[in-house]
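In the numbering used here, the protein residues as written are 2 to 399.
Think of the CB as a built atom: it goes at the ideal place given N, C-alpha and C, for glycine as much as any other residue.
This structure is a prediction, so every number in the text was calculated from the model and none was measured.
Reading through the structure tokens given below for one structure.
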Ligand code: PLP
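What follows is the structure, encoded as structure tokens:
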């Protein structure tokens, strides 16, 4: 027996593989510091949990309408004003997480042979779903000396008559990069000039340290060609609830809902009620989390920059550092994959090699700082000890 060949083009997320290896070390009795998985360590706000539990107790345990319960679609549409976007409930399609909406958007928008501009480094699922839909990812680079903001000039050079869509992820995983207002305007102009769809992954939209919250869909003419992908996982510490959504031109919401019907039928009803409470209730858990993340970000950036051979920019959003460890790699002859593997095996500290996010991530690591300061201090201590013990001889170059 064998599976259909289309599965062979699917990629995956290395974070889950590293998590598996870290868990095996823990099962063997080791104390592992986890900086590999991208999720807040805070609990879901209690009023959100309460709303979910209340919905279950109230018997809200049946199928929901496929596109989402009307109250949640409406609340999502209203909440978009926070990023300058005007939309109505019929433009919103709810899914079990942002990831299913990425999948649906790729299937809905990409024709076989279409080229799709994809960030490198970038969330690996973009490339995977583009290929699954028959498209061809065309990488655009993100450079540390620009704070990992997209370089519109460089991106424009990659556009051909086959280019169909541009995937944006701002703030960006794995680098924490954001775009300036001028960059966003230039990207919007480019999309309109070349008649591109924009798939705008805004799951870290509220996790910003400059107080801004923006969207390319807010710019004139862009709502007609943008699918916003967003969810509750990151801002509301709801990764395990599985709740996300897309916002798109109203005409596209219907076929997108048909895709949802074919796939998951609907998103769990009680989870949608929890999401409604998250959006309409107090937002202090979000602002509190961002304030706390600013502290852990600064701690980690300072610590990383104190290590000879490591250079780390201060990320403007999301909760990842993406240090350039090229100085250490040059000295020791390691590559970033071997570095990350040995850091876990020998010092029980789980991080991701930059190459988990594409070839443009070479020479980097991704570390998630949505965790306790004490865990970051321990990770930094182990990283320092690992780097100090790495000599060219130890790396086999003597
Ligand atoms: N998009 C990006 C850039 C992410 O980093 C993640 C999760 O790590 C997702 C989408 C998926 O989020 P969700 O948990 O809502 O499926």
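In the structure shown, the three-state DSSP call for residue 14 is coil. Nearest to residue 244 by alpha-carbon distance, out of 53, 24 and 11, is 53. Sorted by chain position, residues whose beta-carbon lies closer than 6 angstroms to a non-hydrogen atom of the ligand PLP are 39, 98, 99, 100, 124, 170, 174, 202, 204, 232, 234, 240 and 245. Around the beta carbon of residue 290, 16 or more other beta carbons sit within 10 angstroms, so the residue counts as buried. In the DSSP assignment, residue 174 falls outside any beta strand (DSSP E), carrying neither H nor E.
Secondary structure note for residue 129: its alpha helix (DSSP H) is the uninterrupted segment 125-133.
Taking the CA atoms as reference points, residue 171 sits about 5 angstroms from residue 179. The beta carbon of residue 231 is closer than 7 angstroms to those of 99, 203, 204, 206, 245 and 246 in its chain, skipping five residues each way along the sequence. In the same chain as residue 277, and ignoring 5 residues on each side of it, the C-beta atoms closer than 8 angstroms to its own belong to 52, 70, 72, 73 and 76, in chain order. Annotation for residue 213: 179 place their beta carbon closer than 8 angstroms to its own, counting only its chain and skipping 5 residues before and after. Beta bridge pairing from DSSP links residue 201 with 169 and 229. According to the DSSP secondary-structure assignment, residue 137 is paired through a beta bridge with 116. Here residue 155 is exposed, its C-beta having fewer than 16 other C-beta atoms within 10 Å. In the three-state scheme derived from DSSP, where H, G and I count as helix and E and B as strand, residue 245 is classed as strand. Runs of the alpha helix (DSSP H) lying entirely within the region 267-291 and spanning at least 4 residues, in chain order: 270-281. Straight-line spacing of the CA atoms in residue 371 and residue 2 works out to 43 angstroms. Within the region 336-399, the complete beta strand (DSSP E) segments at least 3 residues long are 366-369, listed from N- to C-terminus. About 7 angstroms separates the beta carbons of residue 330 and residue 337, which is inside the 8 angstroms limit, making them a contact pair.
DSSP, read as helix, strand or coil, puts residue 35 in strand. In the structure shown, residue 297 adopts helical secondary structure according to DSSP, grouped into three states. Nearest Cα to residue 15 within the set 390, 380 and 356: 356. DSSP places residue 96 within a strand segment (E or B) once states are collapsed to three. Secondary structure of residue 315 (DSSP, three-state): coil.
Note that the region 32-47 touches the region 345-353; at least 3 beta-carbon pairs, one per stretch, sit closer than 8 angstroms. Annotated three-state conformation of residue 220 is coil, per DSSP.
For residue 121, the pairing in a beta bridge is given by DSSP as 142. If the five residues before and after residue 265 are omitted, its C-beta is found closer than 8 angstroms to the C-beta atoms of 96, 97 and 101, all from its own chain and listed in chain order. Cβ atoms of residue 142 and residue 361 come within 8 angstroms of each other, at about 5 angstroms. In this structure, residue 254 sits away from residue 5, with a CB-CB distance that is not shorter than 8 angstroms.
Annotation: residue 300 to residue 113 spans about 46 angstroms, alpha carbon to alpha carbon. Among the bridge pairs identified by DSSP, residue 151 is matched with 143. For residue 207, there is no enclosing alpha helix (DSSP H), since its DSSP letter is neither H nor E. When rounded, the separation of the alpha-carbon atoms in residue 78 and residue 281 is 12 angstroms. Residue 42 sits in coil when the DSSP states are folded into three classes, being neither helix nor strand.
With at least 16 other beta carbons inside 10 angstroms of its own, residue 317 counts as buried. Of the candidates 65, 41 and 221, 221 places its Cα closest to the Cα of residue 85.
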